[in-house]
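Everything on this sheet refers to the single structure shown next.
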Amino acid sequence: MILDKFSLNGKVAVVTGSDTGLGQGVSKAFVEAGAKVLGVSRVSSEDTQKMLGEDNFKFVIADLAALDPIDMIINTAVKEFGRLDILVNNAGVIKREDCIDFSVKNWDLVMNVNCRTLFFLSQAAAKQFMKQNSGGKIISIASMLSYQGGIRVPSYTASKSAVKGITMTMANEWAQHGINVNAIAPGYMATNNTQALRADAARSEAILDRIPAGRWGTPDDIMGAAVFLASSASDYVNGFTIAVDGGWLGR
Ligand code: NAD
313 MILDKFSLNG
323 KVAVVTGSDT
333 GLGQGVSKAF
343 VEAGAKVLGV
353 SRVSSEDTQK
363 MLGEDNFKFV
373 IADLAALDPI
383 DMIINTAVKE
393 FGRLDILVNN
403 AGVIKREDCI
413 DFSVKNWDLV
423 MNVNCRTLFF
433 LSQAAAKQFM
443 KQNSGGKIIS
453 IASMLSYQGG
463 IRVPSYTASK
473 SAVKGITMTM
483 ANEWAQHGIN
493 VNAIAPGYMA
503 TNNTQALRAD
513 AARSEAILDR
523 IPAGRWGTPD
533 DIMGAAVFLA
543 SSASDYVNGF
553 TIAVDGGWLG
563 R
């Protein structure tokens, strides 16, 4: 039955940025679909654990600005739940400054979290999938700024454009191993990431005016796409970035 293909029963996922926002929504979706989840964030994910239960959701605290935690993350998922089937690269940061004054610090931090660690964590997950000979699913959270320039966020735009590109590169190489690498490009979602935009009345109105659906998205809005890309329903989807944007890109 087609709906069985969307089930994540028996699957084990790592979701980064699991304490809040979209990562919390994805963790909830995966547990509801039958998976066990190891959350990773630089702060505690205990709110998410309270919501989902200790049997279904465990977490580690790790700073993904550096590569050092990668082995620990994969090893903990395997130790706690016995295997790894799904990686969601959701953790991300955004720094707003005019291009003319943009600092090296804000360039490096955003590129390290959103792009460098995302790539090497994906590499480590793919190695684990190959070791298990199980195939697997890698889903990265991209952005509208994988397609557009944005305003005052050059390192974010660079990192999210890179996410879309390396999603295709990894998919090209790993599809032969039964590994699907795809991305989700959320539109403008009401989370911490967009707090500053929503607090700026003029920007907020301009953004809302341009969204055909007429509202900001929520973490619930990406649950369907996340489960689809994590499940065998998407076994022949490789290297694609799916927009979940209330129509923003089509405008
Ligand atoms: P958010 O700021 O609430 O979440 C960011 C998450 O990343 C948090 O869980 C945070 O703890 C984690 N994180 C940040 N830096 C980290 C680090 N150094 N180490 C470990 N974890 C770290 O906002 P969100 O909207 O939930 O963002 C989730 C993802 O979605 C991000 O990649 C973001 O770029 C992307 N995104 C968001 C929107 C939006 O409109 N909200 C749109 C497009 C893409």
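313 is the number of the first residue of the sequence shown in my numbering; add one for each residue after it. C-beta atoms are modelled at their ideal positions from N, C-alpha and C, and glycine is treated no differently.
Within 10 Å of its beta-carbon, does residue i have 16 or more other beta-carbons around it, so buried, or fewer, so exposed?
i, result
"P466", "buried"
"D316", "exposed"
"G526", "exposed"
"A497", "buried"
"S415", "exposed"
Tell whether a beta-carbon distance below 9 Å holds between residue i and residue j.
i, j, result
"A403", "L350", "no"
"V324", "V352", "no"
"F342", "S357", "no"
If you draw a straight line from the C-alpha of residue i to the C-alpha of residue j, how long is it?
i, j, result
"I463", "R510", "15 Å"
"N550", "V400", "15 Å"
"I373", "K407", "22 Å"
"A495", "I534", "11 Å"
"E423", "M313", "Strictly speaking, residue 423 in this sequence is Met, with Glu absent from that position. So the alpha carbons of these two residues sit roughly 42 Å apart."
"Q444", "Q435", "14 Å"
"G337", "V539", "11 Å"
"Q507", "G333", "11 Å"
"N321", "L364", "15 Å"
"G562", "T481", "25 Å"
"T360", "F371", "9 Å"
"A487", "F393", "25 Å"
"G447", "D397", "7 Å"
"K348", "D367", "8 Å"
(Q) Could you check whether the segment 415-428 touches the segment 468-488, counting it as contact only if at least three pairs of C-beta atoms, one from each stretch, sit closer than 8 Å? (A) yes
Q: Would you check if there are 3 or more beta carbon pairs closer than 8 Å linking the segment 542-558 to the segment 517-531?
A: yes
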